[in-house]
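Report on one structure; see the data block that follows.
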Amino acid sequence: HWTAEEKAAIAAVWKEVDVEADGHETLARVLIVFPWTQRYFSSFGDLSCATAILANPKVKAHGKRVLSALGGAVKNIDDIKHTLAHLSEVHAEKLHVDPQNFKLLANCLVIVLARKLGARCTVPCHAAWEKFLAVVCAALSKHYH
Ligand code: ZNH
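Residues in the sequence shown are numbered consecutively from 3, following the UniProt record's numbering.
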């Protein structure tokens with residue numbers, strides 16, 4: 003269900019992604035912009051303000067882990083459901099993360115990418131990424147229903 007243009011846009015943007023820096027910024031934005039998401043990360047230490055969140059090494063490490071997992075979905079774009087099946091189970095059964103939160107993270111990632119790409123974030127590129135992230139969110143939410 004992907005056009006050649008969509009696949010090309012997703013792969014081209016992914017080549018520019020820095021899983022560490024962009025993962026850190028994405029997760030930090032989620033925690034700062036949507037502060038109720040902090041409840042899942044009580045083991046991460048100080049998340050008391052934006053400065054603390056941005057300086058927190060666990061936030062940095064976890065952002066990298068999340069974007070690395072997303073890289074797996076980019077590489078297996080024709081089989082995202084299977085690729086993320088285990089992670090869906092972990093988030094549903096073990097972590098009890100409300101699947102609405104996946105969409106918040108997707109929104110923050112789009113903002114991080116758009117800022118980074120600037121004018122290269124064309125409408126078709128934006129559309130391909132929204133579609134890709136919607137498929138990722140659906141795959142991660144699969145185990146919940
Ligand atoms: Zn998550 C974990 C991915 C989203 C919360 N995650 C995790 C991991 C991974 C991930 C890979 C690891 C696992 C294991 O170890 O087994 N995520 C992911 C992705 C996404 C996500 C890909 C999207 C896209 N998460 C999310 C959200 C949230 C979360 C949104 C909330 C808000 N996670 C989480 C938690 C955890 C995880 C809490 C655990 C952490 C620790 O370390 O403890």
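C-beta: ideal position from N, C-alpha, C; glycine also.
Contact under 9 Å by Cβ, residue i with residue j
i             : j            : result
lysine 133    : glutamate 8  : yes
alanine 94    : tyrosine 146 : yes
glycine 74    : leucine 86   : yes
leucine 33    : leucine 49   : yes
isoleucine 82 : valine 138   : yes
Expected contact under 8 Å - CB spacing of residue i and residue j to nearest Å
i            : j              : result
threonine 39 : asparagine 109 : With a Cβ gap of about 12 Å, threonine 39 and asparagine 109 do not count as contacting.
residue 167  : alanine 116    : Because residue 167 is not part of the residues shown, which for the chain are 3 to 147, the question remains open.
Three-state secondary structure (DSSP) of residue i
i            : result
valine 19    : coil
leucine 86   : coil
valine 114   : helix
valine 99    : coil
aspartate 48 : coil
Residue environment, residue i, which counts as buried when at least 16 other CB atoms sit within 10 Å
i            : result
alanine 11   : buried
alanine 14   : exposed
aspartate 24 : buried
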